[in-house]
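Input: a single structure, listed below in structure tokens.
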Amino acid sequence: MAVGIGIEYATMFKKLHNVGFSHDAIYWVLNYLTGRKQYVQINEKQSQVVDVQFGVPQGSILGPVLFNLYVNDLEPDLECSCYQYADDTTLYRHSVPSKIHECAKKLQDAMTVLENWAVESNLALNETKTKQMLITTSKMSRVHGLDTVVPDIRVK
């Protein structure tokens, strides 16, 4: 699943503080992020200049680092394994066939935790990129399946 990049600066302040950044370092980062303006230009036509209210500069050296710091507090709250790369997050669990329903419940709980974390972090899950996959033998696939639902999103 992908998480929309909407880094909100007050939340960034809190998250940087929680990982041990000094106030001076936090203010340096916030100074780097705030006061930016942007516009779009196509050939000779230019849009209005607007203030950037959130996010990190795409293509910047610090952008990926700041995003990783912003999302690094997700995993401790999950009862499953989590891989994150840029704005993609993968949740997974191993299970024996006899405990597949327990596994599905834990994944559902993890999806709820992820949804709540995203709301608290001012991020949004991308519905078109939220998928599930059950890896099993062909025999077991006829017996077991996952029916995981993220609040307001039907997982395919």
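Heads up, the final residue of the sequence shown is numbered 173 in my numbering, and it's a clean run with no missing numbers.
Using N, Cα and C, we set each Cβ at its ideal position, and we do this for glycine too.
Fair warning: this is a prediction, and the values are worked out from it, not measured in the lab.
Is the CB-CB distance between residue i and residue j below 8 Å?
| i | j | result |
| --- | --- | --- |
| Pro74 | Arg53 | yes |
| Leu108 | Leu131 | yes |
| Asn139 | Thr28 | yes |
| Glu92 | Asp126 | no |
| Cys120 | Arg110 | yes |
| Asn89 | Val136 | no |
| Ile24 | Phe71 | yes |
| Trp134 | Asp104 | no |
Taking the beta carbon of residue i as the centre, do at least 16 other beta carbons fall within 10 Å, making it buried, or is it exposed?
| i | result |
| --- | --- |
| Leu83 | buried |
| Lys148 | exposed |
| Thr154 | exposed |
| Lys32 | buried |
| Ile59 | exposed |
| Val20 | Model confidence at Val20 stands at a pLDDT of 46, short of 50, so the residue's coordinates are unreliable; what they give is reported in the following sentence. With 16 or more Cβ atoms within 10 Å of its Cβ, Val20 is classed as buried. |
| Leu79 | exposed |
| Thr145 | exposed |
Round the Cβ separation of residue i and residue j to the nearest angstrom and send it over; I've been treating them as touching at under 8 Å.
| i | j | result |
| --- | --- | --- |
| Leu50 | Tyr87 | The pair is not a contact, with the Cβ atoms about 11 Å apart (cut-off 8 Å). |
| Tyr56 | Val69 | About 11 Å separates the two Cβ atoms, so there is no contact after all. |
Report the three-state DSSP secondary structure of residue i (helix, strand or coil).
| i | result |
| --- | --- |
| Val57 | coil |
| Ala27 | helix |
| Asp105 | strand |
| Gln149 | coil |
| Ser115 | helix |
| Leu142 | strand |
| Cys97 | coil |
| Gln70 | coil |
| Lys32 | helix |
| Gln63 | strand |
| Gln125 | helix |
| Leu131 | helix |
Where do the N-terminal and C-terminal ends of the alpha helix (DSSP H) with residue i fall, by residue?
| i | result |
| --- | --- |
| Phe84 | 79-88 |
| Leu47 | 40-50 |
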